[in-house]
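Residue numbers (our numbering): 655 to 856.
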């Protein structure tokens with residue numbers, strides 16, 4: 655049995671945003687009106703909060719570098735997203751985002767690990783004891799490169815990502831595969847409890 659959140663010191667579950675929490679769009683999510691939660695995502699986040707597992711979002715948001723959304727506009731989307739998640743009983747501890755385009759060759763855009771390293775530094779995390787949940791090859795590659803166990807969900811780009819893995823088009827592999835975030839919750843809780851559960855004193 656876990657004390658509330660106490661067993662998860664220095665570890666979190668990282669979630670990609672587009673394709674994991676909300677529906678991905680080929681033309682990007684540029685406003686709150688274009689933001690749509692994936693079915694069951696808010697309930698899944700509630701279950702993670704009730705299990706005492708901190709959630710941190712790691713997301714590429716080239717909409718800023720492309721001039722489609724300002725940093726203030728993205729902050730407004732995230733503020734409303736967190737408000738809705740909290741209203742449903744869940745929570746997001748922190749959001750780390752990369753604003754750059756792929757051609758900018760920054761250190762923070764997944765599959766590079768700059769955002770994960772920044773989160774580890776700022777939050778005093780042991781990445782090897784965290785978990786990264788994503789839907790794209792970039793997500794899985796970033797987690798693997800950072801030494802963070804990875805879980806692929808088949809929402810967003812997930813089905814196509816899994817097809818490439820199974821066909822041998824890529825050698826990038828996750829540790830686990832689940833249909834979606836709700837289905838991943840029991841796996842996440844089990845893994846985090848195995849890694850960090852401590853008996854309640856007294």
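Cβ coordinates follow ideal geometry from the N, Cα and C atoms, glycine included.
Have a look at the options and flag the residue whose alpha-carbon is nearest the alpha-carbon of residue i.
i, options, result
"residue 829", "778, 789, 752, 689", "789"
"residue 696", "741, 719, 668", "741"
"residue 711", "802, 682, 670", "670"
"residue 797", "766, 702, 750, 677", "766"
"residue 707", "823, 786, 825, 824", "786"
"residue 783", "795, 801, 691, 721", "801"
"residue 722", "757, 810, 682", "682"
"residue 673", "719, 744, 756, 812", "812"
Would you verify that the beta carbon of residue i is, or is not, closer than 8 Å to some beta carbon of chain C?
i, result
"residue 797", "Looking for chain C here will not work: only one protein chain is present."
Using the beta-carbon count (16 or more within 10 Å), is residue i buried or exposed?
i, result
"residue 705", "buried"
"residue 761", "exposed"
"residue 836", "buried"
"residue 822", "exposed"
"residue 664", "exposed"
"residue 778", "exposed"
Assuming residue i contacts residue j (C-beta within less than 8 Å), just tell me the rounded distance between them.
i, j, result
"residue 808", "residue 816", "6 Å"
"residue 754", "residue 716", "6 Å"
"residue 746", "residue 739", "6 Å"
Taking contact to mean 3 or more Cβ pairs, one atom from each stretch, closer than 8 Å, check whether the region 730-737 and the region 679-686 are in contact. Contact annotation: the region 730-737 touches the region 679-686, with at least three C-beta pairs closer than 8 Å.
**Item:** Contiguous beta strand (DSSP E) assignments of at least 3 residues, all confined to the region 661-722
**Value:** You should have 667-669, 709-714.
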